[in-house]
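Peer 1: Yeah, the sequence shown ends on 183 if you go by this note's numbering, and it's all consecutive.
Where a beta carbon is used, it is the ideal one built from N, C-alpha and C, also for glycine.
In this text, all values refer to a predicted model and were calculated from it rather than measured experimentally.
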Amino acid sequence: MAGTIVGIAIAGSNDRCYAWYRDGTVSSGASSDLDRYAKPYEYAIRLLLTSGELRKILKNSLGDNLNKTCRFLFADGTYYCSPRSDIDRLVRDSSIDRTRWITEKHDCDDFALSLKYDFVRDAYLDGKRRYPHSLGILWGRALKEVLMIT
34 MAGTIVGIAI
44 AGSNDRCYAW
54 YRDGTVSSGA
64 SSDLDRYAKP
74 YEYAIRLLLT
84 SGELRKILKN
94 SLGDNLNKTC
104 RFLFADGTYY
114 CSPRSDIDRL
124 VRDSSIDRTR
134 WITEKHDCDD
144 FALSLKYDFV
154 RDAYLDGKRR
164 YPHSLGILWG
174 RALKEVLMIT
């Protein structure tokens, strides 16, 4: 198996089960054998999401970790849903892991803003894709630290 399942669906036309995994793969099979018809293989995701779609994903994913009065504010209408390889490259190329933590001066929110800048800069310099990465900074009532959404 490919690891942690992040989504599952059953096709009405043939009763096949499709399972999507955290590592970016999908399999096809039956409920008792998720890869009976197709072993896990990489799949392409839809790369552009509207702010409304992101809002729905965040609410469904974070659920009770958000205060009931939480509102999501998006600066743009469309966002680029970065493939994992882009995220890994941007984090690797950033200087975030070489920056020292200083309480109240350069702590979780500052790290988040620094990394956000690297993602904004990448979208601007790309030249072909001007949409911003679907990445932001979020505080929630049950979250101990700032959460970067990617």
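(1) Counting C-beta neighbours from all protein chains within 10 Å, is the total for LEU67 16 or more, i.e. buried, or is it exposed?
(2) If you reduce the DSSP assignment to three classes, tell me which class ASP151 lands in.
(3) In this structure, does DSSP put GLU86 in helix, strand or coil?
(4) Given a threshold of 16 other Cβ atoms within 10 Å of its Cβ, counted over all protein chains shown, does HIS166 qualify as buried or as exposed?
(5) Given THR58, which residues of its chain have a CB within under 8 Å of its CB, disregarding the five upstream and five downstream residues?
(6) Would you report the Cα separation of TYR51 and SER94, rounded to the nearest angstrom?
(7) Do the CB positions of ALA71 and SER61 come within less than 7 Å of each other?
(8) Find the nearest neighbour of ASP121 within the set LEU81, ASP56, LEU146, judged by alpha-carbon distance.
(9) With the cut-off set at 7 Å, would you say LEU123 and ASP151 are in Cβ contact?
(10) Between ILE41, ARG69, TYR112, which lies nearest to GLU86 when the distance is taken from Cα to Cα?
(11) State the Cα-Cα distance for the pair ASP48 and LEU91, rounded to the nearest angstrom.
(12) Could you check if ASP155 is buried or exposed, using at least 16 other CB atoms within 10 Å of its CB as the buried criterion?
(13) Which residue comes first and which comes last in the alpha helix (DSSP H) that contains SER118?
(14) Mind reading off the beta-carbon distance from CYS114 to LEU146? Whole number of angstroms is fine, and I expect it under 8 Å.
(15) Could you tell me which of PRO116, ARG88, ASP119, SER118 sits nearest to LEU106, measuring between CA atoms?
Peer 2: Here's the rundown:
(1) By one-based count along the sequence shown, residue 67 stands at place 34. Result: buried.
(2) Against the sequence shown, residue 151 aligns to sequence position 118. It is helical.
(3) Here residue 86 corresponds to residue number 53 of the sequence shown, with the count starting at 1. GLU86 falls in the helix class under three-state DSSP.
(4) Here residue 166 refers to the residue found at position 133 of the sequence shown. Result: buried.
(5) Stepping through the sequence shown from its first residue, residue 58 is reached at position 25. Within the same chain, ALA35, PRO73, TYR74, GLU75, TYR76 come within 8 Å of THR58 by CB-CB distance, once the 5 residues on both sides are set aside.
(6) Position 18 of the sequence shown, counted from the start, is the residue given in the question as residue 51. Position 61 of the sequence shown, counted from the start, is the residue given in the question as residue 94. Straight-line Cα distance between these residues: approximately 20 Å.
(7) Numbered from its first residue, the sequence shown carries residue 71 at position 38. Numbered from its first residue, the sequence shown carries residue 61 at position 28. Yes.
(8) As a working mapping, residue 121 is identified with position 88 in the sequence shown. The shortest C-alpha separation from ASP121 is found at ASP56.
(9) Numbered from its first residue, the sequence shown carries residue 123 at position 90. Numbered from its first residue, the sequence shown carries residue 151 at position 118. Less than 7 Å divides the Cβ of LEU123 from the Cβ of ASP151.
(10) In the sequence shown, counting from the first residue as 1, residue 86 sits at position 53. That would be TYR112, whose Cα lies nearest to the Cα of GLU86.
(11) In the sequence shown, the residue the question calls residue 48 occupies position 15. In the sequence shown, the residue the question calls residue 91 occupies position 58. Each residue's Cα considered, the two are about 29 Å apart.
(12) Residue numbering aside, residue 155 sits at position 122 when the sequence shown is read from its first letter. Counting Cβ neighbours within 10 Å, ASP155 comes out buried, since at least 16 surround it.
(13) Walking along the sequence shown from the start, residue 118 turns up at place 85. Going by DSSP, SER118 is part of the alpha helix (DSSP H) stretching over 117-126.
(14) By 1-based counting over the sequence shown, the position of residue 114 is 81. By 1-based counting over the sequence shown, the position of residue 146 is 113. Approximately 21 Å separates the beta-carbon atoms of CYS114 and LEU146; this is outside 8 Å, ruling out the contact.
(15) Looking up residue 106 in the sequence shown gives position 73. LEU106 has its Cα closest to that of ARG88, out of PRO116, ARG88, ASP119, SER118.
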